[in-house]
Amino acid sequence: MSSETDKAIFRRNDVIMEIDPRRSIERDPKSHIGFNPLFLTMRQELHTLKQINTKNRKAKLRKLLIEDFLQEDKELRQVGLAYTNTQY
553 MSSETDKAIF
563 RRNDVIMEID
573 PRRSIERDPK
583 SHIGFNPLFL
593 TMRQELHTLK
603 QINTKNRKAK
613 LRKLLIEDFL
623 QEDKELRQVG
633 LAYTNTQY
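The opening position of the sequence shown corresponds to residue 553 in my numbering, with each subsequent residue numbered one higher.
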């Protein structure tokens, strides 16, 4: 492909990526005039997958942090240096 073709593809991609994925194509069809509906659906699907991936990563990180805290607390209790409650 030529550099002009590459530039055109990147411009089109930039325009597609600027579309707010939360806007419904069915509710506001004129907001996406000139775009292939398949691309817009793919854009919404990618946004949804990214949200799901982010939620899963947060849940896994939380689980790892809790496990790490419990392991550290267990090890500190074994040597007599447990965490203390600082709330009065």
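Each residue gets a CB set at the ideal place from its N, CA and C atoms; glycine is no exception.
Classification of residue i by the beta-carbon crowding that lies within 10 angstroms, buried from 16 upward
{"i": "R595", "result": "buried"}
Per-residue DSSP class, three states only, for residue i
{"i": "N637", "result": "coil"}
{"i": "V567", "result": "helix"}
Residue i and residue j closer than 8 Å at C-beta
{"i": "D625", "j": "A634", "result": "yes"}
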